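A.B. asks: I'd like to ask you about the structure that follows.
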Amino acid sequence: MRHLPNRANPHHPPQTRPAGRRPPRGHRPGLAGRVPPLAPPVERGIAWLTAHGNRRVPYRGVARNDSWLHHRAAAPNLRRLVNLGLTRTSDNSWIPTTAAAEQDFP
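The sequence shown begins at 1 in UniProt numbering and counts up by one.
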């Protein structure tokens, strides 16, 4: 028999909750060190990827859409590297901007 909502489940004892709302995740002492607060940065990243009408894939076929998504996701990552002060070198690695100024490029 399927469990019906708002009825006691005979297989599990009822859970007791304190009166009122549960405090936010960051204020619960049991989860303070175990769960990092990732929701805002992740949601912001998804918002960047879906901005400007990019809610659906633009091409037919898996390969072209896979390539498009990788390029779309790489743009914020590259922007973040530049904002952190990293510069791309001739051998496709990233170094701090101050070290790039000291190094000679052909």
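Where is the CB? At the ideal position from N, CA and C, for every residue including glycine.
Only a predicted model underlies this, so the values are computations on that prediction, with no experimental measurement involved.
Cutting at 8 Å between CB atoms, please list the residues of its own chain near P96, excluding the five before and the five after it.
C.D. replies: The residues are G85, L86, T87.
A.B. asks: Could you round the C-beta distance between N54 and R72 to whole angstroms and report it? I think they count as a contact, below 8 Å.
C.D. replies: 7 Å
A.B. asks: Give the DSSP-derived three-state secondary structure of residue 107 in the structure shown.
C.D. replies: In the structure as shown, the chain begins at 1 and stops at 106. Residue 107 is therefore absent and cannot be evaluated.
A.B. asks: Short of 7 Å in beta carbon distance, which residues of its chain neighbour L69, apart from the five on each side in sequence? Order them along the chain.
C.D. replies: none
A.B. asks: In chain order, what residues of the same chain have a beta carbon less than 8 Å from the beta carbon of W94, not counting five sequence neighbours either side?
C.D. replies: Excluding residues within five positions, the ones whose Cβ falls inside 8 Å are L81, L86, T87, R88.
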